[in-house]
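Line by line, the protein sequences are chains A and B. Everything in the first sequence is counted per my numbering, starting at 15 for the first residue and increasing by one. Everything in the second sequence is counted per my numbering, starting at 11 for the first residue and increasing by one. All C-beta atoms in this analysis are idealised placements derived from N, C-alpha and C, irrespective of residue type, glycine included.
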Amino acid sequence: MAKKTKVLDFHSKWNYAPAPESADHVEVNKSYGLFINNEFTDPLSGKYFETINPAREAKLAEVAEAGPQDVNRAVQAASTAFHKVWSVMPPAERGKYIYRIARIIQERARELAVLESMNGGKPIRESRDVDIPLAAAHFFYYAGWADKLDYAFPVKHSQKPERIKPVGVCGQIIPWNFPLLMAAWKLAPALAAGNTVVLKPAETTPLTALKLAEIIRDADLPPGVVNIINGGGTTGAALVNHPGINKIAFTGSTEVGKIIQKSIAGTGKKYTLELGGKAANIVFADAAIDQAVEGVVNGIFFNQGHVCCAGSRLFVQEPVADLFIRKLKDRIETLIIGDPLDKNTDIGAINSKEQLMKIKRLVKAGLNEGATCYQPDCSLPSKGFWFRPTLFTNVTQANRVVQEEIFGPVLSIQTFRTVEEAIEKANNIPYGLSGGVWTDKGAKIFNVSSQIRAGVVWANTFNKFDPSSPFGGYKESGMGREGGLHGLAPYIQMN
Amino acid sequence: MDSELKIKKEADQKNHNGAEQKSATRQDIKKTYKLYINGKFTRTESGRYYKLENTAGKVVANICRSSRKDFREAVVAARKAQPGWAKKSAFNRSQILYRIAETLESRRVQLMNVLMTEGADKKKVETELNLSVDRLVYYAGWCDKYQQVFSSVNPVEGSYFNFSFPEPTGVISVISPDQSGLLGLISVMSPCIAGGNTCILLADRNHPLSAIDFAEVLNASDVPVGVVNILTGFKNELLSHFASHMDVNAVIYPGADNSEIKQIQELASLNIKRVILWNRLSWLNDESQSPYFIMDLQEIKTTWHPVGI
Numbered sequence: 015m016a017k018k019t020k021v022l023d024f025h026s027k028w029n030y031a032p033a034p035e036s037a038d039h040v041e042v043n044k045s046y047g048l049f050i051n052n053e054f055t056d057p058l059s060g061k062y063f064e065t066i067n068p069a070r071e072a073k074l075a076e077v078a079e080a081g082p083q084d085v086n087r088a089v090q091a092a093s094t095a096f097h098k099v100w101s102v103m104p105p106a107e108r109g110k111y112i113y114r115i116a117r118i119i120q121e122r123a124r125e126l127a128v129l130e131s132m133n134g135g136k137p138i139r140e141s142r143d144v145d146i147p148l149a150a151a152h153f154f155y156y157a158g159w160a161d162k163l164d165y166a167f168p169v170k171h172s173q174k175p176e177r178i179k180p181v182g183v184c185g186q187i188i189p190w191n192f193p194l195l196m197a198a199w200k201l202a203p204a205l206a207a208g209n210t211v212v213l214k215p216a217e218t219t220p221l222t223a224l225k226l227a228e229i230i231r232d233a234d235l236p237p238g239v240v241n242i243i244n245g246g247g248t249t250g251a252a253l254v255n256h257p258g259i260n261k262i263a264f265t266g267s268t269e270v271g272k273i274i275q276k277s278i279a280g281t282g283k284k285y286t287l288e289l290g291g292k293a294a295n296i297v298f299a300d301a302a303i304d305q306a307v308e309g310v311v312n313g314i315f316f317n318q319g320h321v322c323c324a325g326s327r328l329f330v331q332e333p334v335a336d337l338f339i340r341k342l343k344d345r346i347e348t349l350i351i352g353d354p355l356d357k358n359t360d361i362g363a364i365n366s367k368e369q370l371m372k373i374k375r376l377v378k379a380g381l382n383e384g385a386t387c388y389q390p391d392c393s394l395p396s397k398g399f400w401f402r403p404t405l406f407t408n409v410t411q412a413n414r415v416v417q418e419e420i421f422g423p424v425l426s427i428q429t430f431r432t433v434e435e436a437i438e439k440a441n442n443i444p445y446g447l448s449g450g451v452w453t454d455k456g457a458k459i460f461n462v463s464s465q466i467r468a469g470v471v472w473a474n475t476f477n478k479f480d481p482s483s484p485f486g487g488y489k490e491s492g493m494g495r496e497g498g499l500h501g502l503a504p505y506i507q508m509n
Numbered sequence: 011m012d013s014e015l016k017i018k019k020e021a022d023q024k025n026h027n028g029a030e031q032k033s034a035t036r037q038d039i040k041k042t043y044k045l046y047i048n049g050k051f052t053r054t055e056s057g058r059y060y061k062l063e064n065t066a067g068k069v070v071a072n073i074c075r076s077s078r079k080d081f082r083e084a085v086v087a088a089r090k091a092q093p094g095w096a097k098k099s100a101f102n103r104s105q106i107l108y109r110i111a112e113t114l115e116s117r118r119v120q121l122m123n124v125l126m127t128e129g130a131d132k133k134k135v136e137t138e139l140n141l142s143v144d145r146l147v148y149y150a151g152w153c154d155k156y157q158q159v160f161s162s163v164n165p166v167e168g169s170y171f172n173f174s175f176p177e178p179t180g181v182i183s184v185i186s187p188d189q190s191g192l193l194g195l196i197s198v199m200s201p202c203i204a205g206g207n208t209c210i211l212l213a214d215r216n217h218p219l220s221a222i223d224f225a226e227v228l229n230a231s232d233v234p235v236g237v238v239n240i241l242t243g244f245k246n247e248l249l250s251h252f253a254s255h256m257d258v259n260a261v262i263y264p265g266a267d268n269s270e271i272k273q274i275q276e277l278a279s280l281n282i283k284r285v286i287l288w289n290r291l292s293w294l295n296d297e298s299q300s301p302y303f304i305m306d307l308q309e310i311k312t313t314w315h316p317v318g319i
């Protein structure tokens, strides 16, 4: 007897009334300068660029673009603050300033969340529940380390005075996918360890970092300790190559990471790189299937897939593959795509036109290589940058959609039979940032998680972050860790 | 000790194997110095050599001048050996490093002779040999301890159990220091293998004899094949390959030449290779050994799991 295929009717029964978060209380200036020495100043470059809301393609503000002279000013400010104030301040006092920043972020959390969604396109639920609370938590966590560094780095010569020293002036370059959170990840450990900073937010998402600049000013941080300058690749390059910089911390693509590593060769600058990923999410037949479906959906569609640790390669064990893929298709039919400020929205706007084009280009490459594409039948807003959640089946290890980081809501699906095969396929890639494993067997979890060559492994969960939890990659996903005790190491030097 | 005095007295009359150079009745057997790749002593595929002279200017051996292909063979061997070496119990790795120390101790006379042939004086050689053995014992002890010192259980928010611990970076290419001969080589090798990595070492141009004789020590110490591979040859020919190979995860450079550092760092960017600069003027002092040398060649892995049902 042939089984009847169950067909779910989504579009007539799953309507939600709009629940938009108000943006009335968010004040955005018409124009922002460079934040140097606790003041917003006009750029010597004389240049400004527009920043927009990617969901509406509407201008939000004009932002100053830092030229080489501006970069120089910012580095000078950071250098003076380092030598005269921040590195010689009693560590406990340093900590108090950082605690203060955490507190003000909490106070202004709603404003920051709304602005983050407006400028970056991410759903308000995520900016409200993940980005902003974690950013505050990061500052709070590292504030407490400021006067406890001796306990983080045991050495036998502990009688040496000042055996742990800051590195100096740090140039930090952050991406557009978690703008405020990435600023927190970079600033908090650097400041706790006694460094000063020139931070460059991503070109498409400068606004929450500029709000953070206001917060830093309001927290009375000594001028020059944190300087925030905006711009694109040219500004970033000027910062990386400035001789006054002692350490580079970069989060972004592997491609740019390689350029940075090459360009600072021989300069003696320290560096940490947090780069791209192409995580394998491995589902075994004995997993809790519905829970795993939720985890896989969260793994790839969280923040529109603009996540370096996104679970963009799904491996399902053959006995459950058909069932799992059907459930996955059903689940993505229910995802709500649209206004980032609507509290019902699951998938917001793609961050920029450039990124949307990149996603489209790679999806086209997948189709050209013979992969089968599945997208839900949902409507998209007429204005703004959008991309439907996308599944690729019939793919091989060699396909571009399997090998390359797409950084969008696109999941490639492969099947496997044995544990060994899953591990082999999972590791057969230059990246090594994260991985996922879904099974009810504890021994299998430890076997697989210890063999995945990646810096973070989520077992029966995915995309979880915490200030106390180290994050960072193996292989071409970068070097160094952010978060936790291990995240302090890049910002200190030992005698 | 009488035997040692005798060695000193006769050092210049013996070749580096300690055999009599002149005998009325028989000629001594000179050793052919080869490379050490995948647990085997093989000649360079290139067929090239360079001459090593002693302080008196006499050629004491023809040394293999390794090629890029030799290096690539060594990387294949190291890659193949790495998962098995990392999977061995820490206690087992510890015992193998200790075993290397034991074997080295028992071959003091052999190593002392080649080190003197390479140009060091007796007193220095003694100090270096003592430190070499002690350094191996030091790192043998760390094999099953650094994990506890540098791992953490992280107090994350929510119902999750979350822990971080070090794992080996993988395959390491290593330029041996040009000072402290054998001690330098052992000082850079030990933190690699103590931490579960495998490595390819380029012996210093002036210390190939002690390096290859040390390979014999490794070969006799239950070190699995491919875990340590030793090449001899010219740094200026091989440096770029050590830094650029796409299946090498990290490169160690213990020198101070800034143009070489620049070259290594540029080429390392091809695959985000970790560049470890251990610029030490001397490997003789206590600060030349530390678990942080092991940690330079480790990756921190963090694992999350929900708590509760």
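Ranked by Cα distance from B/N64, the options B/P218, B/D267, B/N102 and B/W288 are led by B/P218. Judged by DSSP in its simplified three-state form, A/D161 adopts coil rather than helix or strand. Of the residues assessed, A/S326 falls on the buried side of the cut-off, its CB having 16 or more other CB atoms within 10 angstroms.
Taking A/I350 as the centre and dropping the five residues before and after it, the same chain places the C-beta of N358, T359 and D360 closer than 6 angstroms to its C-beta, in chain order. Here the alpha carbons of A/S463 and B/E297 stand approximately 35 angstroms from one another.
In the DSSP assignment, A/T265 forms a beta bridge with A/E288.
With contacts defined as CB atoms closer than 8 angstroms, A/I296 and A/W452 qualify as a contacting pair.
For A/N260, same chain residues with a beta-carbon under 6 angstroms away, outside a window of 5 residues either side, are V181, G182 and V183 in chain order. Between A/N365 and A/T249, the gap from beta carbon to beta carbon reaches 8 angstroms or more.
Taken in chain order, the complete beta strand (DSSP E) segments of 3 residues or longer contained in the stretch 69–142 of chain A are 72–78. Contact annotation: the stretch 90–99 of chain A touches the stretch 228–245 of chain A, with at least three C-beta pairs closer than 8 angstroms.
Contact check for B/L45 against B/I203 fails: the beta carbons are separated by 8 angstroms or more.
By the Cβ neighbour-count rule, B/Q158 is exposed, with fewer than 16 other Cβ atoms within 10 Å of its own. Annotation for A/R375: the continuous alpha helix (DSSP H) segment containing it runs K367 to N382. One thing to note: A/A75 has its Cβ no nearer than 8 angstroms to the Cβ of A/S36. Annotated as distal: A/G450 and A/Y488, with beta-carbon spacing of 8 angstroms or more. Between A/E288 and A/G109, the C-beta spacing is not below 8 angstroms.
Collapsing the DSSP output to three states places B/T54 in coil. Our two residues, A/I187 and A/G398, have alpha carbons roughly 26 angstroms apart in a direct line. Its chain contains G81, Q83, D84 and R87 as the residues whose beta carbon lies nearer than 8 angstroms to that of A/L58, once the 5 sequence neighbours on both sides are disregarded; these appear in chain order. Scanning chain A for C-beta atoms nearer than 8 angstroms to the C-beta of B/V159 yields P168, reported in chain order. Taking C-beta atoms under 8 angstroms as the contact rule, B/N259 and A/E490 fail to qualify, at a distance of about 10 angstroms. The DSSP-derived three-state label of A/V471 is strand. Taking 7 angstroms as the upper bound on Cβ-Cβ separation, chain A lies near no residue of the stretch 215–243 of chain B. DSSP, read as helix, strand or coil, puts A/E490 in helix.
Secondary structure note for A/Y388: it is in no alpha helix (DSSP H), and the uninterrupted beta strand (DSSP E) holding it is T386 to Y388.
Per DSSP, the continuous alpha helix (DSSP H) segment holding B/G94 begins and ends at R78 to K97. Around A/M493, the beta-carbon contacts reaching into chain B at under 7 angstroms are I282 and R284. A/A197 sits in a helix when the DSSP states are folded into three classes. In the three-state reduction of the DSSP assignment, A/Q428 falls in the strand class, which pools E and B. Using beta-carbon distances, A/W472 counts as an interface residue toward chain B, with a partner under 8 angstroms.
Under the 10 Å beta carbon count, B/G168 is surrounded by fewer than 16 other beta carbons and is classified as exposed.
For A/L328, the enclosing beta strand (DSSP E) covers residues R327 to Q331. Within the stretch 163–186 of chain B, N164, P165, V166, E167, Y170, N172 and S174 place their CB atoms closer than 7 angstroms to a CB of chain A, listed in sequence order.
For B/S142, same chain residues with a beta-carbon under 6 angstroms away, outside a window of 5 residues either side, are L192, L193 and I196 in chain order.
Among the residues of the stretch 269–300 of chain A, those with a Cβ less than 9 angstroms away from any Cβ of chain B are G271, K272, I273, I274, Q275, K276, S277, I278, A279, G280, T281, G282, L287 and L289, in the order of the chain.
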